[in-house]
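J.: One structure follows; several queries about it will come next.
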Amino acid sequence: MRPADLMMLLLIFGIMYFLLIRPQQKKLKEHQAMLEALRRGDQIVTQGGVKGKVVKVKDDNEVEVEIAAGVNVRVVKSTIATVLNKTEPAKS
Numbered sequence: 001m002r003p004a005d006l007m008m009l010l011l012i013f014g015i016m017y018f019l020l021i022r023p024q025q026k027k028l029k030e031h032q033a034m035l036e037a038l039r040r041g042d043q044i045v046t047q048g049g050v051k052g053k054v055v056k057v058k059d060d061n062e063v064e065v066e067i068a069a070g071v072n073v074r075v076v077k078s079t080i081a082t083v084l085n086k087t088e089p090a091k092s
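Using the working numbering, the letters of the sequence shown correspond one by one to residues 1 to 92.
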């Protein structure tokens with residue numbers, strides 16, 4: 001293999017890293033930060049399209065969500081797609 005071919009191959013891998021892998025890692029970190037910031041009262045949407053309000057955030061990667069009056073479901077945190085409305089932090 002000629003040095004020019006090796007340089008071209010490394011250049012292609014470098015471009016793929018910056019165009020594909022790096023943005024995906026950034027998006028994953030942002031999603032993790034969003035999940036860590038979940039609070040009681042936040043309006044959320046799951047990946048399945050279910051909208052609800054966070055009732056309780058549990059430590060074991062689980063969230064209790066109210067989807068209708070008196071109807072609570074347990075949802076795995078990683079399935080939460082977006083937070084629609086954030087609640088304000090409690091004032092001391």
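Note that the Cβ used here is the ideal one computed from N, Cα and C, for glycine as well. Quick caveat, the model's predicted, so the values are computed rather than measured.
(1) L95 and V45 look like a contact to me (Cβ under 8 Å); what is the Cβ gap, rounded to whole Å?
(2) DSSP beta-bridge partners for E66?
(3) Distance check for D42 and H31, CA to CA, integer angstroms please.
(4) Closest to Q47 by C-alpha separation, out of R22, V57 and I80, would be which residue?
(5) From the DSSP output, read off the bridge partner residues of I44.
T.: Considering the structure as presented:
(1) No statement about residue 95 is possible, as the shown extent of the chain runs from 1 to 92 and does not include it.
(2) K53 and N72
(3) 15 Å
(4) I80
(5) G52 and V83
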